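Note sheet for the following structure.
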Amino acid sequence: MIHAIPPKPDYFRVKVRRRLQRIGAAQLKNSVYVRPNDDESLEDFQWLARAIEDEGGEAMVCEASFVAGISDQEIQTLLNDEATGEVEEGEELESGEVLTNRVWVTREGIKVDRIASAWLIRRFIDPRARFKFVTAKGYKPGPDELRFDMYGGEYTHEGDRCSFETLLARFGLKEAALRHIGEIVHDVDCKDEKFARPEADGVASMVQGIAAGYPRDEDRLARGAAAMDDLYASFKR
Numbered sequence: 013m014i015h016a017i018p019p020k021p022d023y024f025r026v027k028v029r030r031r032l033q034r035i036g037a038a039q040l041k042n043s044v045y046v047r048p049n050d051d052e053s054l055e056d057f058q059w060l061a062r063a064i065e066d067e068g069g070e071a072m073v074c075e076a077s078f079v080a081g082i083s084d085q086e087i088q089t090l091l092n093d094e095a096t097g098e099v100e101e102g103e104e105l106e107s108g109e110v111l112t113n114r115v116w117v118t119r120e121g122i123k124v125d126r127i128a129s130a131w132l133i134r135r136f137i138d139p140r141a142r143f144k145f146v147t148a149k150g151y152k153p154g155p156d157e158l159r160f161d162m163y164g165g166e167y168t169h170e171g172d173r174c175s176f177e178t179l180l181a182r183f184g185l186k187e188a189a190l191r192h193i194g195e196i197v198h199d200v201d202c203k204d205e206k207f208a209r210p211e212a213d214g215v216a217s218m219v220q221g222i223a224a225g226y227p228r229d230e231d232r233l234a235r236g237a238a239a240m241d242d243l244y245a246s247f248k249r
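Mind the numbering: the sequence shown is residues 13 to 249 in this note's numbering, read in order.
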């Protein structure tokens, strides 16, 4: 990712630097950061690029290979050093809709935000929702399809909100138990410790176990939805 951050507000530059550290990006040059070429890295960079652009900055995400000046091994060493280093501490300074029986589309390989969002949709927004899992790049939705947690989707990250939080806001879901779950999902998915939820590490480990044990997205959703039911019941108490 190559970015240009506006000089003001001051806290935003600190926030971007901390976010880059938390996702494990290695700095090659001033404002040039690198991650392995995989879906998770692309997603992390895309959300951060959007946040930078929302603040009036510029950001580009590209695939790259180096033919001179630095080797793949040297880049891997930088990434390893970043993964084992300490994260710098710094300053951190709607109306509901009615939908039913729609096809909800998201990226395949679902993890915490997509699992939780799908659970929220079926439990509180569209009880007859049907889900479709597609490749991230180049998908064009049909006329009756709604995309969530997809870059450019109808219900996705907005500002510093994860997709689960966006759904809560857009559909006017203000129940305290759902807000608590949203804070946990945010901390796990956005990796910025905004809410510092103590449950985040446990939920992250649970989702990793689901992803490792269930390669099919339909199975991940079924398993994850059951866990979300239990988490919701715990907060309802």
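Note that CB positions come from ideal geometry on N, CA and C, so glycine has one too. Keep in mind it's a predicted model, so treat the numbers as computed, not measured.
| query | Between Glu104 and Arg34, what straight-line distance do the alpha-carbon atoms span, to the nearest angstrom? | reply | Position 92 of the sequence shown holds residue 104. Position 22 of the sequence shown holds residue 34. Any reading at Glu104 needs caution, since the residue's pLDDT is 34, under 50, leaving its predicted position unreliable; the model's value is listed next. Distance from the CA of Glu104 to the CA of Arg34, rounded to the nearest whole angstrom, comes to 14 Å.
| Ordered list of beta strand (DSSP E) runs contained in the region 121 to 172, each at least 3 residues | Counting only unbroken stretches of 3 or more residues, the beta strand (DSSP E) elements lying wholly within the region 121 to 172 are 142 to 146 and 157 to 159, in sequence order.
| request: Quick one: residues in its chain with C-beta nearer than 7 Å to the C-beta of Arg25, no 5 flanking neighbours on either side, listed in chain order? | output: Here residue 25 refers to the residue found at position 13 when the sequence shown is read from its first residue. If we look at Arg25 and ignore the five residues flanking it on each side, its Cβ neighbours are Ile17.
| request: Please state if the CB of Tyr167 and the CB of Gln58 are separated by a distance shorter than 7 Å. | output: The count along the sequence shown starts at 1 and reaches residue 58 at position 46. The count along the sequence shown starts at 1 and reaches residue 167 at position 155. In this structure, Gln58 keeps its C-beta atom at 7 Å or more from the C-beta atom of Tyr167.
| field | Burial state of Asp138, where buried means 16 or more other Cβ atoms lie within 10 Å | value | As a first step, residue 138 is located in the sequence shown; it is residue number 126 there, counting from the start. Its Cβ being crowded by 16 or more others within 10 Å, Asp138 is buried.
| task | Could you pull out every residue in the same chain whose Cβ sits closer than 7 Å to the Cβ of Ala128, ignoring the five residues on either side in sequence? | result | The count along the sequence shown starts at 1 and reaches residue 128 at position 116. Its chain contains Phe176, Ile193, Val197 and Met240 as the residues whose beta carbon lies nearer than 7 Å to that of Ala128, once the 5 sequence neighbours on both sides are disregarded; these appear in chain order.
| request: Let me know if Ile122 comes out buried or exposed under the rule of 16 or more other beta-carbons within 10 Å of its beta-carbon. | output: In the sequence shown, the residue the question calls residue 122 occupies position 110. Buried.
| message | DSSP three-state label for Ala37, please. | response | Sequence index remark: in the sequence shown, residue 37 carries index 25 (1-based). It is coil, neither helix nor strand.
| query | Starting from Arg235 and walking both ways along the alpha helix (DSSP H), at which residues does that stretch end? | reply | Translated into positions along the sequence shown, residue 235 becomes position 223. Here the alpha helix (DSSP H) through Arg235 covers Asp229 to Lys248.
| query | Going by other Cβ atoms of all chains shown within 10 Å of its Cβ, with 16 needed for buried, is Ser107 buried or exposed? | reply | Indexing the sequence shown from 1 puts residue 107 at position 95. In this prediction, Ser107 scores a pLDDT of 40, lower than 50, which makes its location untrustworthy; the coordinate-derived value is nonetheless stated afterwards. It is exposed - the Cβ of Ser107 has fewer than 16 other Cβ atoms within 10 Å.
| Straight-line gap, Ile82 to Asp50 (C-alpha atoms, nearest Å) | Taking the sequence shown and counting its residues from 1, one reaches residue 82 at position 70. Taking the sequence shown and counting its residues from 1, one reaches residue 50 at position 38. Pairing Ile82 with Asp50, the inter-Cα distance amounts to about 20 Å.
| request: Could you pull out every residue in the same chain whose Cβ sits closer than 8 Å to the Cβ of Leu179, ignoring the five residues on either side in sequence? | output: Reading the sequence shown from its first residue, position 167 is the one you call residue 179. Within the same chain, and ignoring the five residues on either side of Leu179 in sequence, the residues whose Cβ sits closer than 8 Å to its Cβ are Ser129, Leu132, Ile133, Ile137, Phe160, Tyr167 and Leu185.
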